[in-house]
Amino acid sequence: AVLQVRHDKVARQAGVSKGGLIHHFPSKEALLGAMQDHAFHLVDTQLKKLYEEEPEGPGRYLRAYLRCNLESISQGIPSVFQ
86 AVLQVRHDKV ARQAGVSKGG LIHHFPSKEA LLGAMQDHAF HLVDTQLKKL
136 YEEEPEGPGR YLRAYLRCNL ESISQGIPSV FQ
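What the sequence shown shows, in our numbering, is residues 86 to 167, in sequence order.
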């Protein structure tokens, strides 16, 4: 399935006008790139937090990584990607 992004759905979820969104992200590629960067930042931040919560020793990073992935899966896919 091809990922489709609709400017109106993204704008509505972001709480901005469609025109304002298009002003900052003139192409779907620019918007998708920014969304991807933001998603990676959120995951990286969460992974670092979970890593710090894990006890030191073998498997610390793996446990944090798995917890991070399970949390992401349980949250589902944002509706903007429909």
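Note that beta-carbon positions come from the ideal geometry of N, C-alpha and C, so glycine has one too.
For residue i, three-class secondary structure by DSSP
| i | result |
| --- | --- |
| Glu141 | coil |
| Ser157 | helix |
| Gly100 | coil |
| Phe125 | helix |
Residue i to residue j span [Cα, whole Å]
| i | j | result |
| --- | --- | --- |
| Ala96 | Arg148 | 36 Å |
| Gly144 | Glu137 | 13 Å |
| Asp122 | Gly142 | 31 Å |
| Leu127 | Ile158 | 14 Å |
| Ile107 | Glu139 | 42 Å |
Other residues of its chain near residue i: CB distance less than 7 Å, five sequence neighbours each side excluded
| i | result |
| --- | --- |
| Phe110 | Leu116 and Ala119 |
Legend entry - Stretch-stretch touch, CB-based, cutoff 8 Å, three pairs: the region 124-135 with the region 150-160: Yes, since at least three Cβ pairs between the region 124-135 and the region 150-160 fall closer than 8 Å, the two stretches touch.
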